[in-house]
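Asks:
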Amino acid sequence: MANRLVVGNMKMNLTAPEINKYLKGIEKYAYGKEVCFCPSALYLPYFIGKNFSVGIQNIASTEEGAYTGEIAASQAKSLKVDYAIVGHSERRSYYGETDEVVETKVKMALSHNLKVILCIGETLEERDSLKTYKVLKRQLKSALQGMPAKVVSKMMIAYEPVWAIGTGRVPSNQEIEDTIAFIKDILKELCGVSVKVLYGGSVNSKNIETLNKIPNVDGYLVGGASTKPEEFHKIIEVVVTQ
Ligand code: 13P
12 MANRLVVGNM KMNLTAPEIN KYLKGIEKYA YGKEVCFCPS ALYLPYFIGK NFSVGIQNIA
72 STEEGAYTGE IAASQAKSLK VDYAIVGHSE RRSYYGETDE VVETKVKMAL SHNLKVILCI
132 GETLEERDSL KTYKVLKRQL KSALQGMPAK VVSKMMIAYE PVWAIGTGRV PSNQEIEDTI
192 AFIKDILKEL CGVSVKVLYG GSVNSKNIET LNKIPNVDGY LVGGASTKPE EFHKIIEVVV
252 TQ
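The numbering of the sequence shown is our numbering, which starts it at 12 and goes up by one.
1. Mapping the DSSP letters down to three states, classify residue 77 as helix, strand or coil.
2. Count the other C-beta atoms from every protein chain shown that fall within 10 angstroms of the C-beta of residue 150, then say buried if there are 16 or more, exposed otherwise.
3. Are there 16 or more other CB atoms within 10 angstroms of the CB of residue 167, so buried, or fewer, so exposed?
4. With a threshold of 16 other CB atoms inside 10 Å of the CB of residue 62, please say whether the residue is buried or exposed.
5. Applying the criterion that 16 or more other CB atoms from any shown protein chain within 10 Å of the CB defines a buried residue, is residue 124 buried or exposed?
6. Buried or exposed: which applies to residue 223, given that a residue is buried once 16 or more other Cβ atoms fall within 10 Å of its Cβ?
7. Between 210, 252 and 196, which lies nearest to residue 183 when the distance is taken from Cα to Cα?
8. Grouping DSSP H, G and I as helix and E and B as strand, with all else coil, what is residue 231?
9. For the structure I just gave you, are there three or more beta carbon pairs, one from the stretch 111-125 and one from the stretch 34-54, closer than 8 Å?
10. Quick check on residue 31: does DSSP put it in helix, strand or coil?
11. Assuming residue 231 contacts residue 206 under a Cβ cut-off of 8 Å, what Cβ separation, rounded to an integer in Å, is found between them?
12. Measuring only from the beta carbon, is residue 69 closer than 6 Å to any heavy atom that is part of the ligand 13P?
13. With a floor of 4 residues, list each alpha helix (DSSP H) that falls wholly inside the stretch 14-65, ordered by position along the chain.
14. Which value, in whole angstroms, describes the spacing of the CA atoms of residue 73 and residue 176?
15. For residue 152, I'd like the list of residues in its chain whose CB is within less than 7 Å of its CB, leaving aside the five on either flank, ordered along the chain.
16. Hey, residue 82 and residue 54 are a contact pair by Cβ (cut 8 Å); roughly how many whole angstroms apart?
17. Look at the alpha carbon of residue 58 and the alpha carbon of residue 108, and state the distance between them as a whole number of angstroms.
18. Which same chain residues, not among the five before or five after residue 86, have their C-beta less than 8 Å away from its C-beta?
19. With a 10 Å radius around its C-beta and 16 neighbouring C-beta atoms as the bar for buried, classify residue 237 as buried or exposed.
20. Can you grab the Cα-Cα spacing for the pair residue 92 / residue 64, in whole Å?
21. In the structure shown, what three-state DSSP assignment does residue 167 receive?
22. Between which two residues does the beta strand (DSSP E) harbouring residue 95 extend?
Here it is in structure tokens:
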């Protein structure tokens with residue numbers, strides 16, 4: 012399948028020696044720009060300048076200045092980081108990122124020419140009460156409405172059902188296909204553009220062949236499985252060769 016992107020969101024995992032080992036494990040594969048590693052920000056310099064893309068897991072909602080512990084989009088860009096993940100559900104639920112904060116971060120990242128991966132997804136409770144589409148529409152509208160089509164076309168959406176993250180539970184292929192179609196339709200309606208949509212949530216080397224049969228998915232956002240070089244390599248192999 013041409014040009015599907017595989018993004019590894021390594022979250023807050025691995026120590027410096029483990030990162031060195033990890034890189035030794037993966038560097039032998041000539042990955043290319045369709046593979047993106049998002050390690051802890053501390054380790055970004057270890058990953059930059061190699062034969063793959065690199066992303067940051069989060070950026071500040073403000074420009075650089077007196078904001079202890081934050082990382083500005085301009086700083087990430089100056090290191091030649093390609094992508095910025097914005098609005099991950101862990102940021103939304105553990106760090107109180109509201110739709111408004113997510114909107115500000117999307118604009119900040121785009122204004123510094125980072126390619127944004129905007130994460131959206133429903134909780135189990137929202138899914139069970141049949142609110143999935145309503146929630147996704149609200150998240151998209153709040154982050155993107157009013158943005159010029161040219162700008163929106165440079166970003167990607169990651170559909171990550173919160174109940175599928177780290178749980179081993181994955182929606183059926185049909186459910187993912189329908190939800191991605193819905194997201195693409197909404198973006199056409201709101202911004203008049205086609206946008207790439209990734210799927211994320213318990214993607215692993217065992218389910219990737221099945222997931223990769225979904226016709227309208229443009230790639231994957233992989234969490235836990237991306238922290239293990241062999242496991243991640245298997246996922247990439249399937250996506251790149253199928
Ligand atoms: P898991 O692949 O560990 O479920 O995590 C998904 C995720 O949150 C990627 O951003």
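Virtual Cβ for every residue (Gly too), placed ideally from N, Cα, C.
Being a predicted model, the structure only gives us computed values, none of them experimental.
Replies: In this structure, then:
1. coil
2. buried
3. buried
4. exposed
5. exposed
6. Residue 223 should be labelled buried.
7. 210
8. Residue state for residue 231 is assigned as strand, using DSSP reduced to three classes.
9. no
10. Helix.
11. With a Cβ gap of about 16 Å, residue 231 and residue 206 do not count as contacting.
12. No; taking the cut-off as 6 Å, the Cβ of residue 69 has no heavy atom of the ligand 13P nearer than that.
13. 27-38 and 55-58
14. 28 Å
15. Excluding sequence neighbours, residue 152 sits near 201.
16. No, residue 82 and residue 54 are not in contact; Cβ-Cβ is about 13 Å, not under 8 Å.
17. 27 Å
18. Cβ within range, chain order: 75.
19. buried
20. Their backbone Cα atoms lie some 8 Å apart in a straight line.
21. strand
22. Here the beta strand (DSSP E) through residue 95 covers 94-97.
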